[in-house]
Each structure stands twice: as C-alpha cells, then as structure tokens.
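Below you'll find the structure, written out as structure tokens, and then a few comments.
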Amino acid sequence: MTLTIHPRVLATTYTDRVAHMVVAERTEPAEGIASFVLADPGGGDLPRWTPGAHIDVVIGDVVRQYSLCGDPTDRKVWRIAVLREEAGRGGSVRVHDTLRAGATVEVRGPRNHFLLDAAPSYVFVAGGIGITPIAAMVREAEAAGADWHLYYGGRSRGTMAFAGELAAEYEGKVTLVPEDVSGRLDLAGLLPAPAAGTLVYACGPEGLLAALETACTGHPAGTLRTERFAPKGELFSEDDQPFEVTAEQSGVTITVEPGQSILHALDEAGVMVFSSCEEGICGTCETRVIAGTPDHRDSVLTERDRESGDVMMICCSRARSESLVLDI
Numbered sequence: 002m003t004l005t006i007h008p009r010v011l012a013t014t015y016t017d018r019v020a021h022m023v024v025a026e027r028t029e030p031a032e033g034i035a036s037f038v039l040a041d042p043g044g045g046d047l048p049r050w051t052p053g054a055h056i057d058v059v060i061g062d063v064v065r066q067y068s069l070c071g072d073p074t075d076r077k078v079w080r081i082a083v084l085r086e087e088a089g090r091g092g093s094v095r096v097h098d099t100l101r102a103g104a105t106v107e108v109r110g111p112r113n114h115f116l117l118d119a120a121p122s123y124v125f126v127a128g129g130i131g132i133t134p135i136a137a138m139v140r141e142a143e144a145a146g147a148d149w150h151l152y153y154g155g156r157s158r159g160t161m162a163f164a165g166e167l168a169a170e171y172e173g174k175v176t177l178v179p180e181d182v183s184g185r186l187d188l189a190g191l192l193p194a195p196a197a198g199t200l201v202y203a204c205g206p207e208g209l210l211a212a213l214e215t216a217c218t219g220h221p222a223g224t225l226r227t228e229r230f231a232p233k234g235e236l237f238s239e240d241d242q243p244f245e246v247t248a249e250q251s252g253v254t255i256t257v258e259p260g261q262s263i264l265h266a267l268d269e270a271g272v273m274v275f276s277s278c279e280e281g282i283c284g285t286c287e288t289r290v291i292a293g294t295p296d297h298r299d300s301v302l303t304e305r306d307r308e309s310g311d312v313m314m315i316c317c318s319r320a321r322s323e324s325l326v327l328d329i
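In my numbering, the protein residues as written are 2 to 329.
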C-alpha cells in the first residue's frame, strides 16, 4: 500500500488518496462506542499524522469522518472510535454493524483541520465522543513537556471512552466529570485567567462549545480552538444573492443561485468535486481561491484562514464579491 500525506490536501488533489485497510482489532471502550484499530494488510507503515487529524471511512455510498485517537508515533496502526447514533444519518450504524475484526475497509486521508499549535500551556475540554481528537493532543502535550489539564465530561462514566485509561496514565492531569454524578462541566470555573500563551482546545456537543465561547470572552484572540460535529450557524440566508463562479481548470463558468451551494451548482455543470458532509464541518471539499472574496460559512477554517481568503469550503460558503475564480 502506497499513500502520500500532505499537510493541507485540497479537493483538486484529494480524490485519489485511497487505501484499503484491515480491521486488526475491535473493542467496546464505552457504552455505544466501538473502537477500531486499522492496519495495512501487508504490515507496511502508514502515513504520518498529527493530533487532530481525521480520516474518511467509506462503506458503500456512505462516507464519514472519524478522528484518529491513537499514538501518532505508531506507524503500524490507526485507531478510531465511533459512537453509534441511531437518530443520525446512518453512517455510525453502518460502521458498527459492518466492521468486525478481519474486515477490510476503504479509507481516505488523513487530513488535519484541527492542528495542535505549540504552546507552553493548554486546557483541553472534551464532551462525550469529542474525546477522540483530544486524546491524541494530550499525549503530544505531555511529550512536549507542556503544562496541561484535561476536563472530560459525559452523561455517565460508562459512556466515556478511554476515561480510565487517560486518568491512570496522566494522574493528576485529567478531571473526569460524569454528569449523572457531578453535574455538567463548570466551564467558567475551569478556565484560567486570561493570559497569553495558554490555548484551549475543545471538541464535543454544540452546547458545550457555545458555552466555552462565552466563557472565553476576554481571553486573547485565538485562545479557543474547536472542532464541531454540526454546523455552527445557518448555511443559507434570505439575503443571499446570486454570484458567478469560474472553475479555472475545468473552463466552466456558472451562476450560483440563492439557496444553492457552489458544490451543487458545479455538479449540475458536470464538474465533480469530492465532498462528504455538505455542512461545512469535515473539510473534504476545501478548494483554493484564485480570485474573489469568499463568504465563509463553514465550521472548519481558522480566523487566519478566513482572513487570508486563500481557500474555502464550497459545500456551504458563498461569495462576498460578484464572482469567484476557483482552482478546480
């Protein structure tokens, strides 16, 4: 198996980064959660990855993104954990029902839109299955000798994957907050006083992240870094106006109407771009902007990325200018 990893993989180059892997091990680390260890069938090394990275898991016509939660220094295996959501879009149910030890599965990636920046001090906050990207981050912070603490909340201890493992390995640095025993996380109380040099990384339900954003008011800009499972805001507005998009590589120019995404408009014109969530949360459709000003509506890009205007998520974002030229 030969794979190539790029620090930032754009839609125009990502479609052929595919591998078939074997499920080397399946465990149940918590109620409703299955953990899968994936390996190269031939025993070869896997592409390097960094904390916060995720892969696409492809089962039939279903593509879902799952964070890598193992050890980035282990080149032989990747580890993911999947919460079964009966009321979801069906991806987690299919993963739970299909992937057994010994099964093969198609994956793409890894990619990372939730990078762990170097800092002397971190506060990590995880809610439920949001522990998956955070678990790799605390290992990295520990290895770097940084000052850090993890606050990990869940409905109950039995639903909190890797809770015992993390608490035992990093005694004194992990606070477990099962809601049925301790109530919800006291976000205002756990944050340190605003100070340069401390970064807050969080992943979990939207309510948790919204509360953290409020709690971080007054902290230096860029202190809070989040990864979301659902869009932060509305993707379309009554005030949306039509705009023109030129796909430079394809030689196609289209008009994107109100209520229509660039992705769908391009698809109707015969320009195919690899995508998945269509909600601006996975980063799969990231596309380079050659000219024009994007109206960013995704939940992936950092403020720095947004200000640069160099890339955009075409499944949800629109244009502030009358036209865009994209590298497609």
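From the three backbone atoms N, C-alpha and C, an ideal C-beta is built for every residue, glycine too. Because the structure is a prediction, the values reported are computed rather than measured.
Same chain only: Cβ atoms within 6 Å of residue i, ignoring 5 sequence neighbours per side
| i | result |
| --- | --- |
| isoleucine 263 | Val246, Val257, Ile315 |
| threonine 176 | Tyr152 |
| threonine 99 | Ile60 |
| isoleucine 130 | Leu84 |
| leucine 325 | Val246, Gly293 |
| aspartate 241 | Pro259 |
| proline 319 | In the sequence under discussion, the amino acid at residue 319 is arginine, which differs from the proline named in the question. Here the set comprises Asp296. |
| valine 38 | Ala25, Glu26, Val78, Arg80 |
| arginine 9 | Residue confidence is low: arginine 9 scores 34 on pLDDT, short of 50, so the model does not pin down where it sits. No coordinate-derived value is stated. |
| serine 156 | Per the sequence presented here, residue 156 reads as arginine, with serine not at that position. Excluding positions up to five away in sequence, the list reads Glu180. |
| arginine 90 | none |
| glutamate 166 | none |
| threonine 227 | Ala203, Leu210 |
| alanine 142 | Tyr123, Trp149 |
Host beta strand (DSSP E) of residue i (start-end)
| i | result |
| --- | --- |
| valine 246 | 244-248 |
| aspartate 181 | Careful: aspartate 181 lies outside any beta strand (DSSP E), inside the alpha helix (DSSP H) at 180-183. |
| proline 30 | 19-31 |
| methionine 314 | 312-314 |
| alanine 120 | Unbroken run through alanine 120: none, as it is neither H nor E. |
| proline 111 | 105-112 |
| valine 83 | 78-84 |
| glutamate 143 | No beta strand (DSSP E) contains glutamate 143, which is instead part of the alpha helix (DSSP H) from 132-144. |
| serine 324 | 324-327 |
| arginine 289 | 287-292 |
| valine 94 | Element bounds for valine 94: not the beta strand (DSSP E) but the alpha helix (DSSP H), 92-99. |
| alanine 35 | 34-40 |
| glutamate 228 | 225-228 |
| glycine 190 | That residue, glycine 190, is in no beta strand (DSSP E); its alpha helix (DSSP H) goes 188-191. |
| leucine 151 | 148-155 |
| isoleucine 282 | That residue, isoleucine 282, is in no beta strand (DSSP E); it is neither H nor E in DSSP. |
| cysteine 204 | 199-204 |
| arginine 298 | It is not in any beta strand (DSSP E) - arginine 298 carries neither H nor E in the DSSP assignment. |
CB of residue i within 8 Å of CB of residue j, strictly
| i | j | result |
| --- | --- | --- |
| alanine 164 | histidine 97 | no |
| alanine 162 | tyrosine 123 | no |
| glycine 173 | proline 195 | no |
| threonine 160 | glutamate 32 | yes |
| cysteine 217 | leucine 192 | yes |
| arginine 321 | threonine 303 | no |
| glutamate 249 | leucine 327 | yes |
| leucine 330 | arginine 229 | Absent from the structure is residue 330, since the part of the chain shown begins at 2 and ends at 329. |
| serine 277 | aspartate 57 | yes |
| proline 134 | serine 68 | yes |
| glycine 92 | arginine 65 | yes |
| serine 333 | isoleucine 132 | Absent from the structure is residue 333, since the part of the chain shown begins at 2 and ends at 329. |
| phenylalanine 275 | threonine 285 | yes |
| glycine 208 | leucine 186 | no |
Residue span of the alpha helix (DSSP H) that contains residue i, given as start and end
| i | result |
| --- | --- |
| histidine 265 | 263-269 |
| isoleucine 56 | Element bounds for isoleucine 56: not the alpha helix (DSSP H) but the beta strand (DSSP E), 55-60. |
| arginine 305 | 304-309 |
| alanine 169 | 164-170 |
| leucine 213 | 207-216 |
8 Å CB neighbourhood of residue i in its chain, flanking five on each side removed
| i | result |
| --- | --- |
| threonine 254 | Glu245, Val246, Thr247, Ala248 |
| valine 94 | Arg85, Glu86, Glu87 |
| proline 42 | Met2, His21, Met22, Val23, Thr105 |
| alanine 12 | Caution is warranted here: a pLDDT of 36 is assigned to alanine 12, below 50, making its placement in the model unreliable, and the coordinate value is therefore given only provisionally. Val274, Phe275, Ser276, Thr285, Cys286, Glu287, Thr288, Ile315, Ile329, listed in sequence order. |
| glycine 103 | Val23, Val24 |
Cutoff 7 Å; reference residue i; Cβ partners in own chain excluding five residues on either side
| i | result |
| --- | --- |
| cysteine 317 | Leu236, Ser262, Glu280, Gly281, Arg298, Asp299 |
| glutamate 323 | Phe244, Glu245 |
| glycine 184 | none |
| lysine 233 | Ser300 |
| alanine 40 | Met22, Val23, Ala25, Lys77, Val78 |
Integer Cβ distance of residue i from residue j, believed to fall under 8 Å
| i | j | result |
| --- | --- | --- |
| alanine 127 | glycine 71 | Not confirmed; about 16 Å, so no contact. |
| valine 290 | methionine 313 | 6 Å |
Residue i CB to nearest heavy atom of the ligand SAM below 7 Å
| i | result |
| --- | --- |
| lysine 77 | As far as ligands go, the structure on display features none, and thus does not contain the ligand SAM. |
Three-pair Cβ contact test at 8 Å for the region 40-51 versus the region 75-84:
Flag = yes, the region 40-51 and the region 75-84 touch.
Is the region 306-313 in contact with the region 266-273, if contact means three or more CB pairs nearer than 8 Å?
no
Indicate whether the contact test is met: 3 or more Cβ pairs, each with one atom in the region 170-187 and one in the region 49-64, closer than 8 Å.
no
Quick check: the region 200-208 against the region 103-123, are at least 3 beta-carbon pairs closer than 8 Å?
yes
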